[in-house]
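Undergrad: Pasting a structure here, questions to come.
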Amino acid sequence: MKTLSSNSPTNASILVGVLWCLALLAVVVIGVLHTARLDLVVGKNFGDQIQAHYLALAGVEKAKALLYQDSRERSRSRRNHSGELFDSPLQFRDVAFGRGHFRVFRRGRTDEGGGTIYGISDEEGRLNLNTVTTNELGKLRGMTPDIVAALVDWRDGDNAATPGGAEAEYYSVLTPPGLPRNGPLLTTRELMMVRGVTPELYLGASRKPSGAYVGGDDETDDNPGLAIEDMGWSGIVTVHSAVRNVSAGGQVRVNLQTAEEAALTSIKGITAEIARAIITYRTRQQFGSVADLLDVPPAQSQNPGRPQGGQTSGTQGAQPSNAVGPGGRGVVSQELLADIADELTTEDNQNLPGLVNINSASLEVLACLPGVSREIAQAIISQRQSDGYFPSIAGLLKVPGVTREIFKQLAPRVSARSDTFRIISEGKVDSTGARRRIEVIVRVGLQTIETLSYRDGL
1 MKTLSSNSPT
11 NASILVGVLW
21 CLALLAVVVI
31 GVLHTARLDL
41 VVGKNFGDQI
51 QAHYLALAGV
61 EKAKALLYQD
71 SRERSRSRRN
81 HSGELFDSPL
91 QFRDVAFGRG
101 HFRVFRRGRT
111 DEGGGTIYGI
121 SDEEGRLNLN
131 TVTTNELGKL
141 RGMTPDIVAA
151 LVDWRDGDNA
161 ATPGGAEAEY
171 YSVLTPPGLP
181 RNGPLLTTRE
191 LMMVRGVTPE
201 LYLGASRKPS
211 GAYVGGDDET
221 DDNPGLAIED
231 MGWSGIVTVH
241 SAVRNVSAGG
251 QVRVNLQTAE
261 EAALTSIKGI
271 TAEIARAIIT
281 YRTRQQFGSV
291 ADLLDVPPAQ
301 SQNPGRPQGG
311 QTSGTQGAQP
321 SNAVGPGGRG
331 VVSQELLADI
341 ADELTTEDNQ
351 NLPGLVNINS
361 ASLEVLACLP
371 GVSREIAQAI
381 ISQRQSDGYF
391 PSIAGLLKVP
401 GVTREIFKQL
411 APRVSARSDT
421 FRIISEGKVD
431 STGARRRIEV
441 IVRVGLQTIE
451 TLSYRDGL
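In the numbering used here, the protein residues as written are 1 to 458.
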């Protein structure tokens, strides 16, 4: 009994030591298990993000395939614009695929009611920052003369500052310092580097760093009807717009500046008499656009360079180059122009950058164009809503308020077709809610689809 009693303190110490070891071991095991669980969760989330990325990519590829198919169908049916993919929830809303789904969406225009619309958007419905004129820029909401001058200096090729503008001398002393592009802008976000352009002006009410794209589950009660025009300049400008210089059927257009009589008469509605009048007219005055066809008088009234009626060329009896036929009518009526306008051009270029599509442009964009007030812009939108999309730019002559003079200002700046499109696709894994967005800008050609811009993780 004495021996057992003397060993009791030692045994107790050993027991306490063992218990502490067990406690420390438990802490270590719990820490390892917790770390392993975190690693598993992180790995699973990373895997879900990858799956969400490919779900979004599936949406992009589907949109590209449908755009190409739509382009071919429009060429076969000789239509410039269909608008079918601009609002197509059946094709683009929460399409189930694998462990999740994808959606392709855009912000609606004011005339569409704003909010989220499931479909692709049209770059030709925006103003191209690289081709827009200073007068057109000045009509943008929030634009000032100094910002216009700064943007002109940013994109021109020299270092000479225009009045109110800014060149290398200004940007080089900023923190951090920089230099102006002195060339075409590469992205619209570059606009925020131009002096005077604030995030409020560029992003508008949305204030989203990703370019203000809000949609789907990101809708809140505060902005359920936010329209594309409410997203600041980012919602109405582009640097990528350009259309192919072809007719609705995909054929190369006949150039009014250089075409021979045979080429002109190959267009249905142009007779030999009209073709000769066009050729005579262009020897005296270059065509600025197809709208100038309305000024072409009969060939015999233009008094070409040979004597007529006892007068010689260059005498006071010669009629001005913009004279029209008897009764003030030229050889090309508005009705005939509507039939032939899409088959003709005044440019040799294969692509025409910066043209605005009158079938998809918003009121804010249309109101920036030369000669167009907000009232006329609204009339254009009302016309296409009531009578359908314009088959050619000559359809503008039917819009109330659009006179021949206004049409002549508009014609070189507008189109009735689009070849460049913006696709915003979001993929989501249903089990975890992981999501990923991709924005792609593509140009649809006769045989291929060219990717112009790609942004991931918006």
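Every residue gets a Cβ at the ideal spot worked out from N, C-alpha and C, and that includes glycine.
Rounded to the nearest angstrom, what separates residue 441 and residue 240 at their Cα positions?
TA: 8 Å
Undergrad: What residue from 409, 445, 430 has the CA that sits closest to residue 421's CA?
TA: 445
Undergrad: Thinking just about the alpha-carbon of each residue, which of 28, 332, 249 is nearest to the one in residue 281?
TA: 332
Undergrad: Less than 8 Å between the C-beta atoms of residue 449 and residue 68, yes or no?
TA: Here residue 449 is near residue 68, since their CB atoms are less than 8 Å apart.
Undergrad: Among 171, 153, 172, 169, whose alpha-carbon lies nearest the alpha-carbon of residue 163?
TA: 153
Undergrad: Closer than 7 Å: is that where the CB of residue 334 sits relative to any heavy atom of the ligand COA?
TA: Looking for the ligand COA in the displayed structure turns up nothing, as the structure carries no ligands at all.
Undergrad: Any contact of the region 75–88 with the region 109–121, i.e. 3+ C-beta pairs under 8 Å?
TA: yes
Undergrad: Helix, strand or coil, according to DSSP, for residue 413 in the structure here?
TA: helix
Undergrad: Which residue or residues does DSSP assign as beta-bridge partners of residue 101?
TA: 96, 428
Undergrad: Closer than 6 Å by C-beta to residue 277: which residues in its own chain qualify, once you throw out the five before and the five after it? Chain order, please.
TA: 296, 298, 299, 331
Undergrad: For residue 46, which three-state DSSP category applies?
TA: helix
Undergrad: Taking only three categories from DSSP, how would you classify residue 256?
TA: coil
Undergrad: Between residue 37 and chain D, is any beta-carbon pair separated by less than 8 Å?
TA: No chain D is present in this structure, which holds just one protein chain.
Undergrad: How is the beta strand (DSSP E) around residue 438 delimited, first residue to last?
TA: 435–444
Undergrad: In chain order, what residues of the same chain lie with their CB nearer than 6 Å to the CB of residue 456, ignoring the 5 residues before and after it?
TA: 438
Undergrad: Assign residue 20 to buried or exposed, taking buried as 16 or more other Cβ atoms, counted over all protein chains shown, within 10 Å of its Cβ.
TA: exposed
Undergrad: Specify whether the region 397–407 and the region 24–35 touch according to this definition: at least 3 beta carbon pairs, one from each stretch, less than 8 Å apart.
TA: no
Undergrad: For the alpha helix (DSSP H) containing residue 381, name the first residue and the last one.
TA: 374–387
Undergrad: Does the region 101–115 come close enough to the region 353–366 to have 3 or more Cβ pairs within less than 8 Å?
TA: Contact holds between the region 101–115 and the region 353–366, because three or more Cβ pairs, one in each stretch, are under 8 Å apart.
Undergrad: Could you give the DSSP three-state label for residue 8: helix, strand or coil?
TA: helix
Undergrad: When the Cβ atoms of the region 263–272 are set against those of the region 379–386, are three or more pairs found closer than 8 Å?
TA: no
Undergrad: Given a cut-off of 8 Å, decide if residue 55 and residue 427 are closer than it, judged by their beta-carbon atoms.
TA: Taking 8 Å as the cut-off, the Cβ atoms of residue 427 and residue 55 count as close.
Undergrad: Use the C-beta contact count for residue 34: other C-beta atoms within 10 angstroms, 16 or more gives buried, fewer gives exposed.
TA: exposed
Undergrad: Please check the pair residue 157 and residue 182, which I expect to be a contact at CB under 8 Å, by giving their CB distance rounded to whole angstroms.
TA: The distance from the Cβ of residue 157 to that of residue 182 is about 6 Å, consistent with a contact at the 8 Å cut-off.
Undergrad: Give every residue of the same chain whose Cβ lies closer than 6 Å to the Cβ of residue 151, excluding the five residues on either side of it in the sequence, and list them in chain order.
TA: 194
Undergrad: Just to confirm the assignment, what range does the alpha helix (DSSP H) spanning residue 155 have?
TA: 145–155
Undergrad: Three-state secondary structure (DSSP) at residue 314?
TA: The predicted position of residue 314 is uncertain, since its pLDDT is 40 and thus under 50; no value can be drawn from it.
Undergrad: Quick one, are the C-beta atoms of residue 103 and residue 142 less than 8 Å apart?
TA: Not a contact, by the Cβ cut-off of 8 Å.
Undergrad: Buried or exposed, going by whether 16 or more other CB atoms sit within 10 Å of the CB of residue 454?
TA: exposed
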